[in-house]
Structure formats: structure tokens, C-alpha cells
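Just below is one structure, and these are the notes that go with it.
Residue numbers (our numbering): 28 to 108.
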């Protein structure tokens, strides 16, 4: 069974800033309690995919996106705390 990091396509062995930031982002999403436990991982994966697909792969991109964009992307993934 692949690890969550592998499933999300994060290459930590590269030690590249972008990969480390994606890992940090995934940790934030997976580390907070959301909705029901059984579907928590699925929702966190969906939220991670939405954010990365939107180009939010580094701190500057996240800051540049702004609050409204972040909320919209997380809402699309049904990521609610």
C-alpha cells in the first residue's frame, strides 16, 4: 500500500523546496480534524489536489491567491472544519 506522500505525488527524497512545501501543505490539511473520521483522508486528499492543481505550490502562490480563493478551493473539496 503506497504511503500518503507517494499517493499525492510528493518527492521528499529530492529535498527541493517545492516538494517540501507540498509536504507541509499536506500535513496541514491531514492534521486538522474535519467532518467525519472515515471520510477525512479522502477530503484532505481532494483539498490537497485542488490547491496544488490551482498552482498553490509555494508560499508566495498561497499568499498571492488570497483568502477568498483559498476558501473557494477548500469549499470545492468539501474541506470544512
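Note that the Cβ used here is the ideal one computed from N, Cα and C, for glycine as well.
May I ask which residues mark the beginning and end of the alpha helix (DSSP H) holding residue i?
i	result
residue 86	86-103
residue 32	31-34
residue 53	44-58
Buried or exposed, going by whether 16 or more other CB atoms sit within 10 Å of the CB of residue i?
i	result
residue 56	buried
residue 33	exposed
residue 43	exposed
residue 59	exposed
State the DSSP-derived secondary structure class of residue i, mapped to helix, strand or coil.
i	result
residue 70	helix
residue 107	coil
residue 83	coil
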